[in-house]
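Residue numbering for the sequence shown follows our numbering, beginning at 1 and increasing consecutively.
Every residue gets a Cβ at the ideal spot worked out from N, C-alpha and C, and that includes glycine.
For clarity, every value in this text was computed on a predicted model and none was experimentally measured.
Before any comments, here is the structure.
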Amino acid sequence: MNTEREALLQAIERDRDRILDFYRGFIRAKSPNPPGDTRAAAAHIGKLLGEESLAYRTIAPQSEMPNIVAAFDCAGAGRHLVLNGHIDVFPVGDAAGWTKDPWGAELVEGKIYGRGACDMKAGTSASIFTYIYLSRIRDRLKGKLTLTCVSDEETFGPWGARYLIEHHPEVHGDCLLNGEPSGLGTIRFGEKGPLWLLFTIRTAGAHGAYTHFSASATKIAGRLIAGLEAVGRIVSKAPDNVVRALDAAAPAVDAAMGKGAAAIVQQVTLNIGVVAGGLKVNMIPGECRIEADVRLPLGVEKDEVMREVRRIAAAFPEVTVEEINYSAPSWCDPYGEMVEILSANAKAVTGATPVPIVSLGGTDARLWRYKGVPAYVYGPPPSGMGSTDEHVKVEDFFQVVQTHLLSAYDYLSRG
Ligand SMILES: [Zn+2]
């Protein structure tokens with residue numbers, strides 16, 4: 001390892017307490033979304049950048065949801081790397097099921113607990129410290145580095161990364177690095193696309209004894225749901241390099257996202273998230289509402305899925321369907337330069353080489369891929385993500401920080 005890389009790792013080692021304090025303070029700065037007020041957590045970032053005398057912009061199209069953007073040019077000509085992480089976190093409700101304070105950032109047996117610990121205040125902290133350390137040696141680097149810490153990610157909201165991408169093309173760059181939870185054994189080069197649909201079934205309804213008067217909206221719902229399973233038979237037409245990467249990564253996909261994940265990563269999946277219908281046991285329901293979450297793999301178009309959905313729904317004249325939300329599946333080169341860089345650095349830091357995979361869930365990285373910018377995700381394991389007792393091992397956290405810092409350094413050293 002060259003001396004500059006050694007020096008960067010030594011800086012992390014020297015600053016361990018400060019980095020960990022920042023991360024824990026970041027978790028304590030509550031930012032659940034909804035409601036999505038991230039001002040305290042954004043101020044925590046601003047304070048650190050201020051201590052480092054680093055200029056930054058606050059871009060807040062919605063005042064409670066500020067985004068922090070900072071950038072510097074390096075001495076030499078080169079490419080523009082963008083670091084991205086979100087500030088908001090899942091809500092915790094009444095914290096039922098938590099054995100630790102969700103906002104306490106407690107350190108217990110080598111793990112930091114709290115909402116946002118893995119999703120994604122660890123990864124965003126890695127981006128921030130990467131930015132800080134590389135700013136100090138910008139005279140010896142090439143190109144440009146931009147830091148984007150955004151709000152409004154958890155609800156697919158419009159005020160965070162989506163706003164920046166639409167209104168601030170200076171954050172597009174040539175490559176994106178993001179520290180969303182991935183597990184240290186995988187690098188995510190793509191993600192499936194959620195298509196959320198609302199089905200409404202309306203019939204006349206009647207007294208429950210008078211079944212000759214009206215069809216039942218809930219019975220039709222049951223038949224419709226069974227019929228919708230056919231979307232799972234749509235065949236993906238992903239490019240060869242994606243198919244090759246995913247075939248090779250099957251064990252890693254199962255290891256990162258649970259046994260069975262590899263089998264569905266290239267399939268259209270269907271979840272019926274909500275079924276609401278009926279008032280009383282002895283009434284024939286005149287209305288039923290179904291909310292379906294269909295996930296499109298790489299290489300499946302929405303139009304194809306909607307044609308199939310409409311064909312299935314056409315068997316039931318009582319049914320209407322509308323789209324609630326859609327994000328297209330996204331991907332970039334599974335064997336791109338940043339994958340090579342991240343793999344080498346993760347190997348150096350953890351001893352194991354991560355493999356490129358596709359994520360089942362969504363991240364803001366997709367927004368850069370839509371703009372044609374290769375965007376990669378490498379972060380801690382998703383322990384308790386969106387659930388209870390969310391946590392990250394301190395060692396994993398530092399390995400993510402080290403891998404991001406070295407990878408950004410490598411990218412900006414090549415010119
Ligand atoms: Zn996230």
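Could you compute how far the alpha carbon of residue i sits from the alpha carbon of residue j?
| i | j | result |
| --- | --- | --- |
| Met-120 | Pro-381 | 11 Å |
| Ser-182 | Gly-123 | 10 Å |
| Ile-234 | Ala-328 | 16 Å |
| Ile-68 | Thr-155 | 19 Å |
| Thr-3 | Arg-138 | 16 Å |
| Val-400 | Tyr-378 | 7 Å |
| Ile-220 | Cys-118 | 41 Å |
| Ile-45 | Arg-18 | 13 Å |
| Gly-208 | Glu-318 | 19 Å |
| Ser-473 | Leu-177 | Nothing can be reported for residue 473, as the shown portion of the chain is limited to 1 through 415. |
| Cys-74 | Tyr-133 | 13 Å |
| Tyr-131 | Gly-286 | 58 Å |
| Leu-49 | Asp-21 | 15 Å |
| Ala-199 | Ala-215 | The question names Ala, but residue 199 in the sequence shown is Phe. If you take the alpha carbons of Phe-199 and Ala-215, they lie about 17 Å apart. |
| Lys-144 | Gly-78 | 7 Å |
| Ile-12 | Lys-111 | 18 Å |
| Gly-193 | Gln-267 | 11 Å |
| Gly-185 | His-391 | 17 Å |
| Gln-10 | Arg-16 | 10 Å |
| Tyr-113 | Thr-218 | 42 Å |
| Thr-213 | Glu-308 | Reading the sequence as shown, one finds Phe at residue 213 and not Thr. About 31 Å. |
| Ala-161 | Gly-258 | 29 Å |
| Leu-54 | Tyr-409 | 18 Å |
| Ala-126 | Gly-179 | 7 Å |
| Leu-81 | Ala-96 | 41 Å |
Could you spell out where the alpha helix (DSSP H) holding residue i opens and where it closes?
| i | result |
| --- | --- |
| Val-171 | Val-171 -> no alpha helix (DSSP H), and no H or E assigned at all. |
| Pro-251 | 240–257 |
| Lys-219 | 217–228 |
| Tyr-23 | 16–28 |
| Ile-416 | Nothing can be reported for residue 416, as the shown portion of the chain is limited to 1 through 415. |
| Thr-388 | Careful: Thr-388 lies outside any alpha helix (DSSP H) and carries neither H nor E. |
| Ile-165 | 161–167 |
| Ile-264 | 261–264 |
Could you work out which residue in the options is closest to residue i when comparing CA atoms only?
| i | options | result |
| --- | --- | --- |
| Tyr-163 | Leu-176, Leu-177, Thr-148, Cys-175 | Thr-148 |
| Asp-88 | Gly-36, Ala-230, Trp-331 | Gly-36 |
| Leu-342 | Leu-298, Gln-402, Ala-249 | Gln-402 |
| Ala-7 | Glu-390, Arg-18, Tyr-411, Leu-405 | Leu-405 |
| Met-385 | Arg-414, Pro-102, Ile-137 | Pro-102 |
| Arg-57 | Glu-170, Glu-4, Glu-153 | Glu-170 |
| Ala-276 | Met-283, Arg-244, Arg-289 | Arg-289 |
| Ala-365 | Tyr-409, His-86, Glu-395 | His-86 |
| Arg-14 | Ala-43, Glu-153, Phe-398 | Phe-398 |
| Gly-273 | Arg-28, Asn-33, Ile-324 | Ile-324 |
| Arg-28 | Ala-96, Glu-106, Glu-51 | Glu-106 |
| Asn-271 | Asn-84, Val-349, Asp-94, Leu-195 | Leu-195 |
| Trp-159 | Asp-410, Ile-59, Ala-346 | Ile-59 |
| Arg-295 | Ile-284, Thr-269, Leu-279 | Thr-269 |
| Val-150 | Thr-353, Arg-24, Pro-61 | Pro-61 |
Mind checking whether the beta-carbon of residue i lies closer than 6 Å to any heavy atom of ligand 2?
| i | result |
| --- | --- |
| Asp-119 | Annotation note on ligand 2: not contained in the displayed structure, which lists ligand 1 as its ligands. |
Mind checking which residues open and close the beta strand (DSSP E) that includes residue i?
| i | result |
| --- | --- |
| Leu-147 | 142–150 |
| Ala-70 | 67–73 |
| His-391 | 391–393 |
| Gly-379 | Run containing Gly-379: none; DSSP gives neither H nor E here. |
| Glu-287 | 287–296 |
| Phe-189 | 186–191 |
| Ala-276 | 269–277 |
| His-80 | 76–86 |
| Tyr-113 | 111–113 |
Exercise for the section: Let me know the alpha helix (DSSP H) ranges lying completely inside the stretch 319–370, each 4 residues or longer, listed in chain order. Expected result: Here the runs fully enclosed are 337–350, 365–370.
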